[in-house]
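Data block below; observations after.
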Amino acid sequence: MFEFQQFIAFIIGLTIMTMGFWLMIFLISFVLYWATGGAIDLMKENKAKKKA
């Protein structure tokens, strides 16, 4: 059977991997939000330049 230290190490490792996974998901969604907003802003600026 597993010892208590192995169990604690497994729980800590699982926690770190889970936190890393959710941080990666958050950062990817933030970068996509930033890139989409920047592209829309650039399109609006180009459209305003063409009108002027």
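24 is the number of the first residue of the sequence shown in this note's numbering; add one for each residue after it.
Beta carbons: idealized from backbone N, C-alpha and C, even for Gly.
Fair warning: this is a prediction, and the values are worked out from it, not measured in the lab.
The alpha-carbon separation between residue 41 and residue 65 amounts to approximately 36 Å. In the three-state reduction of the DSSP assignment, residue 24 falls in the coil class, being assigned neither a helical nor a strand state.
Just so you know, the alpha carbons of residue 31 and residue 25 end up roughly 10 Å apart.
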